[in-house]
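Worksheet: the structure to be examined is printed underneath.
Chains as they are written, first to last, in this note's numbering: chain A, 16 to 470; chain B, 8 to 419.
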């Protein structure tokens with residue numbers, strides 16, 4: 016989850032000590048309470064709301080329980096002036112680079128501008144990545160000088176600044192290479208994909224950070240062309256939900272490590288996949304609450320909504336921010352760095368979850384597991400346009416109508432109370448942001464009914 | 008199942024979705040039998056268009072605000088619907104104004120010269136005829152006395168000068184379905200590409216460009232329950248990438264640096280298909296087209312075709328019962344035609360256009376009358392005009408009975 020080139024060039028990566036050994040942070044709770052106290056004291060947004068600061072020695076759980084949940088809507092209306100400590104000049108600091116104003120890649124209702132302290136993003140991201148011993152080794156030069164390539168939406172997600180193609184040299188910032196130059200990968204030409212594959216090799220890429228959908232498309236092209244994805248160490252999938260079909264496609268042309276990294280522009284990297292296949296909370300930069308769903312979710316146990324408090328930000332510190340993602344928690348799993356339990360998987364956005372008439376949510380992850388390795392399925396998208404109806408579009412090889420029917424038959428048992436239909440299509444539109452959503456709920460959801468108080 | 012039952016079951020299920028069918032004409036309930044000209048629009052299409060106007064009027068691929076984003080999302084989704092409808096990849100679909108522009112774009116792209124030949128049936132619509140007489144040698148294939156192409160003559164017409172075989176998938180006059188596989192086989196054996204004019208077929212049956220192996224396909228939205236003003240040109244990816252630029256302007260260019268001085272390299276077009284779509288497109292029509300395709304596919308193309316064949320049987324059989332009526336290609340089996348009947352009415356003192364008008368004025372039945380943009384066909388079968396009834400999925404047997412009743416009255 017790297018920032019676009021301009022932001023990185025202003026604040027190059029700093030070498031950080033690596034907390035590779037699992038050492039739970041004994042000060043995590045106290046650090047979180049202190050961060051909340053600072054935010055409530057210094058940030059005009061919180062001060063205007065008259066929130067009660069933590070008392071000395073007050074337990075973290077009590078402090079959190081008192082704070083309201085913070086949503087994107089709250090942020091959008093008050094940025095940027097209410098989000099820096101009183102007395103700081105936002106305009107001057109943005110001009111000087113002391114503050115970075117970044118736009119998230121969400122679609123219409125989700126897009127948001129966020130403030131980062133200078134160099135904050137790469138610092139926390141590097142630290143998070145290094146929690147993986149394999150990634151840390153690669154970053155330390157185990158496979159040669161660490162060089163990274165990024166494959167996701169181009170800097171301009173809407174195409175309004177499309178001004179031709181930039182040569183390789185102009186897409187390199189330090190050790191990082193930005194590969195994609197098209198707003199919609201569905202329209203990548205063979206030449207474009209061949210260029211991307213060439214440049215991955217030319218860049219001597221050790222780590223590739225990619226949107227899984229984009230990489231799955233590229234992987235299919237590579238396989239057809241008899242090529243491999245020439246990454247020396249690892250592929251890190253982030254930005255969007257990863258389906259089994261994507262992973263299958265990627266693994267056909269890449270034999271190295273494929274890892275999941277989960278985070279968001281507003282809060283930084285939250286979880287990084289460890290050697291045990293679980294996603295572990297990354298220490299020092301956030302505290303994460305996992306609010307369990309009230310009604311059991313079919314096909315996914317221990318599903319929770321992610322709520323984040325940031326710990327290390329002077330500008331725009333967030334207290335109990337609702338990221339909007341659902342995860343599957345492993346409550347008994349090892350807590351390596353903090354008190355936050357590890358995740359079995361990221362289950363997709365809350366807005367992606369299908370709502371059953373009985374109140375149960377069906378997550379994108381549950382649907383993906385149900386579809387499993389259905390023959391020939393490349394991509395799929397569920398759309399819930401009505402409370403009692405679910406439509407699935409399926410892109411498949413070979414007998415596409417047959418594949419669509421297989422998908423329907425596998426998903427229907429999860430979606431009790433909904434009429435499930437599926438059809439074969441040759442393409443599924445991406446969001447205007449350039450992201451691909453595997454599931455979209457177009458009917459409103461009573462969030463309070465699903466997760467309890469605070470909404 | 009009896010044809011009457013089959014036809015009415017589906018028609019009654021869907022006709023409530025067509026607001027147009029609720030109106031009257033000269034005091035008669037409207038009977039719309041002119042879908043080959045343009046189809047009525049279902050509520051889903053009307054809503055898609057009005058929703059764009061009411062909720063997200065904005066230009067596409069340009070606006071950074073929320074409305075532009077929403078409009079772009081809906082517009083882009085329509086291309087994928089269109090691609091899925093014909094089994095193509097999204098980057099093989101160019102949005103154009105309609106079938107006519109699609110064929111003209113192809114003519115431009117093929118850069119044909121005066122010695123190049125294009126073979127097509129003499130029964131073709133002007134849209135698939137006139138472009139091939141512009142700076143090119145048209146080679147019309149003979150047709151029989153009913154206006155049906157004599158496909159067996161095709162191979163004789165193909166020469167080293169033949170640069171394209173262009174056929175209507177379904178004749179807009181006879182309703183007969185072309186033997187596409189045979190045509191493609193014959194043409195490809197000689198390295199000649201094939202254009203399929205699918206204007207009359209895409210709303211009646213499943214069309215899959217990969218299975219048919221046609222090189223190009225042209226179609227319109229308005230004959231497939233969508234708005235007018237938009238259509239598609241499909242071209243195989245490798246063909247499309249080789250096409251020269253068509254119209255130029257905003258939206259099709261990735262880089263214009265002419266400020267540096269005129270040089271070809273200073274103007275970089277976007278990738279296909281966008282390089283062929285200069286200017287602001289017919290946004291609302293395209294969004295409506297997407298909704299129309301969704302609507303058809305939700306109904307099921309196989310279901311529509313089943314209904315279509317039953318309707319073809321019923322329509323032709325009923326018209327043939329009337330003394331003094333000649334139906335073109337009446338013996339063509341329903342498997343090889345769509346529900347469309349073009350006929351000649353022996354009504355004293357009336358032209359066929361008069362007959363069509365009278366059916367509307369006196370019975371509320373809307374049909375076409377005249378030459379249906381196929382002058383050559385009519386000249387070759389020695390007819391000064393014909394009447395064409397083209398029902399679709401929303402028409403009941405009662406509608407066809409009303410037509411038959413009107414024609415019978417006029418004949419007597």
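Even for Gly, the Cβ is constructed at its ideal location relative to N, Cα and C.
Predicted, not measured: the structure shown is a model, and the values here were computed from it.
For the segment 444–461 of chain A, the residues whose beta carbon sits under 9 Å from a beta carbon of chain B are, in order, 444, 445, 446, 447 and 448.
Note that the segment 436–456 of chain A does not touch the segment 289–297 of chain A; fewer than 3 beta-carbon pairs, one per stretch, sit closer than 8 Å. A Cβ-Cβ separation of about 4 Å places residue 131(A) in contact with residue 115(A) under the 8 Å criterion. According to DSSP, residue pairing for residue 41(B) in a beta bridge involves 397(B). The Cβ atoms of residue 145(A) and residue 152(A) do not sit closer than 7 Å to each other. Of the candidates 343(B), 231(B) and 298(B), the residue whose Cα lies closest to the Cα of residue 105(B) is 231(B). Annotation for residue 54(A): 61, 332 and 334 place their beta carbon closer than 6 Å to its own, counting only its chain and skipping 5 residues before and after. Taking each of 328(B), 67(B) and 279(B) in turn and checking the Cα distance to residue 202(A), the smallest one comes out for 279(B).
Between residue 86(A) and chain B, the shortest Cβ-Cβ separation is not below 7 Å. Contact between residue 143(B) and residue 125(B) is confirmed by a C-beta separation of about 6 Å, below the 8 Å threshold. Residue contact with chain B for residue 440(A): present (Cβ-Cβ distance below 7 Å to some residue of chain B).
For residue 179(A), the residues of chain B that pass the 7 Å Cβ criterion are 261, 262 and 275, in the order they occur in the chain.
Along the segment 77–106 of chain B, the positions whose C-beta sits under 7 Å from a C-beta of chain A are 77, 79, 80, 83, 84, 87, 90, 91, 94, 95, 96, 97 and 98, read in chain order. Around residue 401(B), the same chain offers 18, 21, 22 and 25 as residues with beta carbons nearer than 6 Å, after the five sequence neighbours per side are excluded. Taking the Cα positions, residue 9(B) is about 33 Å away from residue 158(B). Chain B places a beta carbon closer than 7 Å to that of residue 202(A), counting this residue as a contact.
Within the segment 296–326 of chain B, contact with chain A at the beta-carbon level (separation under 7 Å) is assigned to 304. Take residue 232(A), set aside five residues on each side of it, and the residues of its chain with a beta-carbon closer than 6 Å to its own are 200, in chain order. Annotation for residue 416(A): the continuous alpha helix (DSSP H) segment containing it runs 415–426. Under the DSSP definition of a beta bridge, residue 103(B) partners with 238(B). In the structure shown, the three-state DSSP call for residue 132(A) is strand. Relative to the Cα of residue 82(B), the nearest Cα in the group 141(B), 290(B) and 407(B) belongs to 290(B). Uninterrupted beta strand (DSSP E) stretches at least 3 residues long and entirely within the segment 84–168 of chain B occur at 100–103, 124–128 and 144–148, given in chain order.
Assignment of residue 404(B) by DSSP, reduced to helix, strand and coil, places it in the helix class. As far as DSSP is concerned, residue 29(B) takes part in no beta bridge. The Cβ atoms of residue 315(A) and residue 343(A) sit closer than 7 Å to each other.
Residue 456(A) is classed as buried because its beta carbon has at least 16 other beta carbons within 10 Å across all chains shown. Taken atom to atom, the span from the alpha-carbon of residue 226(B) to that of residue 238(B) is near 6 Å.
DSSP, read as helix, strand or coil, puts residue 307(A) in strand. Here residue 296(A) is bridged, per DSSP, to 286(A). Residue range 205–217 is occupied by the alpha helix (DSSP H) that includes residue 208(A).
The C-beta distance from residue 176(B) to residue 187(B) rounds to 7 Å, short enough to meet the 8 Å contact threshold. Put simply, the CB of residue 153(B) is far from chain A, with every gap to its CB atoms at 7 Å or more. With 16 or more other Cβ atoms from the protein chains shown falling within 10 Å of its own Cβ, residue 219(B) counts as buried. By a beta-carbon distance limit of 8 Å, residue 274(A) does not contact residue 284(A). Their separation comes to about 12 Å.
Between residue 190(B) and residue 174(B) a beta carbon distance of about 6 Å is seen, short of the 8 Å cut, so the two are scored as contacting.
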